[in-house]
Amino acid sequence: MKIFKSILVSALLLFLLSACSNDSAKESNETEDKSTPGNEQTVKKERKEKAVNGNIKVEPLPTTYEELAKLPVGEHYNMEVSGDDDVENILKVFSDLPDVSGKPTKKQLDYFYRELLKRMQQDYEGPENLINRLKFESLGSPENTDSRYQFKENLNVVFIIDASGSMAQKINGKEKMASAKDSILNFVNKLPKDAKVGIRVYGHKGTSSDADKALSCSSSELVYPISNYNEGEFQAALNKFSPSGWTPIGLALREAKNDLASFDGANNTNIVYLVSDGIDTCEDQPIEAAKDLYSSNISPIINVIGFDVDNEGQNQLREIASATEGIYGTVTNEGELQKELDNLSNLVEQWKEWLEQGKQQLDYKKVNNELDIFTYITREEVKKTNEKVKVELILYRLHNANRFNDEAYEYLNKINNEYHQWIQEEVDQFEKELKALNEASYSEAIKALEDKYISNTQ
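Counting in the working numbering, the sequence shown runs from 25 upward without gaps.
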């Protein structure tokens, strides 16, 4: 009875959380049916072999938040599991998990849990991304020792926009490409006259068919050269492209390096925003291209926005941001994208004030709740709760389908509860540390966070 009550409470909590989440779970529900009559016996055999194989290796659960944040986002992290209509899909999607019917060993159950958890892994954000957020939000602070984050005579903002075919998909009835264009247009309308902006698109030629792959993967164009904002010319540039083909992120990043070649980091604060709704599909080494751009004398700040992106795309885009010490953020609709760009607008306004004040030093900044402390903590807690409850409900559905016995069910629920209790304790500790730094100077706060991060990863 206790377990049943717990499941009911969890289901209610998940329903409430789902009401505040996005609608991008559709890809998880369109999973290929692996349990059709033609291959059902094969699937069962494979699951049994996984279970009885004495050489199975149980991957350890993370022991630090840094390790947790580095885990790839699960294939079904956004899958709906709380409704009665989801039962059939759950049994189908997880039909190939190891067979733990009968009398499984502890090792077999641990392996089963890790395989299930892998597929539901949330996009946790660790201290490294938080440090980069704090650095970016303190752009221009005199305490910044990294010249990349200091205001220079000139400020340039370059958008690298995905124009692949998937950007034609709609969110809330509006094409993703249209949302991206409108959000950028709102941003540039607020630019001070001295700031420059540029737009490079990629994947805007050909189609997403195999026949057009070579054409599309070689398509990237600077539709608005890096210059001051001109309303008519900018609008004409936005009208030049529409969602079309493949996704050559690596090509676009290499071309962006050429675009910025004459804007060296000594005299220019260069900010690059890469916006994509999916993974690079052209095998053109986007990580290496991002590193090359980042380490050049252009010294850009490279931030990455995943727009309604799936788990595979998130993993690659996060890697690009991590490789360039930039921020990675996922947005699911136009409102969230606009909010991300509003943060950039605030920094541009600060640059304008710095310029107009004869380059006087800005006031020392304090780390406070305005620097996303509350938002960060809340977001991580929601991810933890989502993951815990979804795994809990999946275990409940699988147990009802006789995939394992009562004893195994109790054990799996126990390790799920203990694991997510550990995550909650880590988040609670972060909250204490961040609040303790609330009145610290920027440099003190960053140093404290970096010291903790380094000590935990050596």
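Quick reminder that beta carbons are idealized off the backbone N, C-alpha and C, glycines included.
- At a Cβ-Cβ threshold of 8 Å, leucine 277 and leucine 317 count as neighbours.
- In the three-state scheme derived from DSSP, where H, G and I count as helix and E and B as strand, tyrosine 226 is classed as strand.
- Inter-residue distance for cysteine 241 and asparagine 213 is about 31 Å (C-alpha atoms, whole angstroms).
- In the three-state reduction of the DSSP assignment, isoleucine 195 falls in the strand class.
- Under the 8 Å Cβ criterion, the segment 322-334 does not count as touching the segment 251-261, having fewer than three qualifying pairs.
- Secondary structure of threonine 354 (DSSP, three-state): strand.
- For proline 128, same chain residues with a beta-carbon under 8 Å away, outside a window of 5 residues either side, are Ala75, Phe136, Phe428 and Ala432 in chain order.
- Under the DSSP assignment, glutamate 177 falls outside any beta strand (DSSP E); it carries neither an H nor an E label.
- Per DSSP, proline 128 lies in no beta strand (DSSP E) and is assigned neither H nor E.
- Taken through DSSP and simplified to helix, strand or coil, lysine 237 comes out as helix.
- Within the same chain, Cβ atoms closer than 7 Å to the Cβ of alanine 314 are found at Leu277, Ile326, Ile344, Ala347 and Thr348, the five residues on either side in sequence being excluded.
- Between leucine 154 and the set Gly350, Glu245, Lys176 and Pro96, the nearest pair of CA atoms involves Gly350.
- DSSP places asparagine 263 outside any alpha helix (DSSP H), giving it a letter other than H or E.
- Note: glycine 330 is bridge-paired with Ser300 and Thr354 in the DSSP secondary-structure output.
- Taking the C-beta atoms as reference points, glycine 269 is found nearer than 8 Å to glycine 189.
- Cα atoms of valine 299 and alanine 425: separation of roughly 42 Å, rounded to the nearest angstrom.
- Residue pairing by DSSP puts glutamate 245 in a beta bridge opposite Val225.
- Looking only at Leu133, Glu373 and Asn437, the smallest Cα-Cα distance to serine 162 is reached by Glu373.
- In the displayed model, asparagine 292 falls within a strand according to three-state DSSP.
- If you draw a 10 Å sphere on the C-beta of alanine 290, you find fewer than 16 other C-beta atoms in it, and that means exposed.
- Between valine 451 and methionine 144, the gap from beta carbon to beta carbon reaches 8 Å or more.
- Looking at the DSSP output, phenylalanine 183 shares a beta bridge with Ile223 and Tyr297.
- In this structure, Arg403 is the residue among Gln309, Arg403, Gln174 and Ala202 with its C-alpha nearest to the C-alpha of tyrosine 148.
- When the beta-carbon positions are compared, glycine 227 and serine 243 come within less than 8 Å of each other.
- Contact annotation, leucine 121 with leucine 140: C-beta distance approximately 6 Å; criterion of less than 8 Å satisfied.
- As the crow flies, the alpha-carbon of valine 355 is around 13 Å from that of aspartate 366.
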